[in-house]
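J.:
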Amino acid sequence: MPQRNILNNHTTGPGFLLGFSDPPGMQGVCFTILLLIYASVIIGNSLIVLVTVLDLSLHSPMYFFLRNLSFLEICYTSATLPKMLVCFLTGDVWISFLGCAAQLYFLFFLGSTECLLLAAMAYDRYVAICDPLRYSLVMNGWFCVRLVVGSWMVVIPMQVGQTYQVFTLPFCASHRLHHFFCDVPPLLELACADTFWSRVTLNTIILLFAIFPFFMIVVSYVRIIGTVLKMHSAPGRHKAFSTCSSHLIVLTLFYGSAMVVYCKHHSIDSADTDKYLALFYTILTPMFNPVIYGMRNRELRIALRKLLWRKPQPALPH
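For the sequence shown, the residue numbers in the working numbering are 32 to 349.
1) Take L308 as the anchor and find which of T63, Y157, V292 has the nearest alpha-carbon.
2) Assuming M115 is part of the alpha helix (DSSP H), what are its boundary residues?
3) Could you tell me if G287 is buried or exposed, where buried requires 16 or more neighbouring beta carbons within 10 angstroms of its beta carbon?
4) Run through DSSP, which three-state label would L233 get?
5) Quick one: using the 10 Å Cβ neighbour count with 16 as the cut-off for buried, is A151 buried or exposed?
6) First and last residue of the alpha helix (DSSP H) that includes M184?
7) Can you list the alpha helix (DSSP H) stretches of 4 or more residues lying completely in the stretch 78-153, in chain order?
8) Which residues in the same chain as W19 place their Cβ atom closer than 8 Å to its Cβ, once the five residues preceding and following it in sequence are excluded?
9) For H278, which residues from the same chain have a beta carbon less than 6 Å from its beta carbon, with the 5 sequence-adjacent residues on both sides left out?
10) Do the CB positions of A222 and F202 come within less than 8 Å of each other?
11) Could you spell out the range, first to last residue, of the alpha helix (DSSP H) harbouring L218?
12) According to DSSP, simplified to helix, strand and coil, what is L48?
13) Do the stretch 241-254 and the stretch 80-88 touch if we need at least three Cβ pairs shorter than 8 Å?
14) Measure the C-alpha to C-alpha separation of A133 and K261 and round it to an integer number of angstroms.
15) At which residues does the alpha helix (DSSP H) containing S205 begin and terminate?
16) Find out if the Cβ-Cβ distance for the pair V191, S229 is shorter than 8 Å.
17) If you drop the 5 nearest sequence neighbours on each side, which residues of the same chain put their C-beta closer than 8 Å to that of L66?
18) Less than 8 Å between the beta carbons of I64 and Y157, yes or no?
19) Only counting the same chain, and skipping five residues up and downstream in sequence, which positions put a Cβ closer than 6 Å to that of F139?
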């Protein structure tokens, strides 16, 4: 059957059955928990965006990257959580083919962009600590904008190609995904055709937009640690490490769970483990980010207090 006909048949079919198998009576509890998580993601990351825009003392490259990361986390969580909330609320666990394709595209597009943004943040810390005299020259506003725009734009062609490649495959009759949302590995498990080139594309995307940025992050932090250890001032070392600690914690949470899911052999036996690990980097990490940065960044804490507890100014007399 031609691929065009396959795609046309898919768009009119029922879609996929998502892998929700909670005990009876737990749907309400799961819905409430996920709703609270989603609300905390939206509120926490929106506060980071707002405070880094309004407070002039936070108009620096580090907070510019953090603002973009927080905005991305809102979008990233919104690619999966609203549909999960609907599933728990209504019991309808079906997702259409077009809905699944859109979810897959945005999930990988935003996830790849996050990897590149985290690498840009690591480079910013590298320049600030290892080459402080040239920091303002290197990390100028135009260069920072190009890094962020490049992180958002460079992944689009690959993700469009991968989404089209996956959804032109013929899928088996059950259409039951062993996952909470549409992801490439569980979709390829359902394919009734050779998935070699789809897996090649997936591995290429992981190499370019996850492993390569991670390698650059590791190189940056090796040099940062080497520079910090050579500092003679203990307060200087403490300040340098404190500016990097939040970023390192976020990196560990995001990359740790994502690499376990994507860099190992997939099987039906490991499907349950994979889908719960996927919740960690798609939902819990975006929830923890504002807490991590808010608790460990003194300038951000001060700016948040000024924003939240700002006293109204008295009206001027006429």
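Quick reminder that beta carbons are idealized off the backbone N, C-alpha and C, glycines included.
T.: Walking through what the data contain:
1) V292
2) Element bounds for M115: 112-121.
3) exposed
4) helix
5) With 16 or more other Cβ atoms within 10 Å, it is buried.
6) 172-184
7) 92-109, 112-121
8) In the structure displayed, the chain extends from 32 to 349; residue 19 sits before or after that span and is not available.
9) M152
10) yes
11) 215-221
12) strand
13) no
14) 49 Å
15) For S205, there is no enclosing alpha helix (DSSP H), since its DSSP letter is neither H nor E.
16) no
17) Only L116 meet the Cβ criterion.
18) no
19) In chain order, Q190 place their CB closer than 6 Å to the CB of F139, counting only its own chain and leaving out the 5 sequence neighbours on each side.
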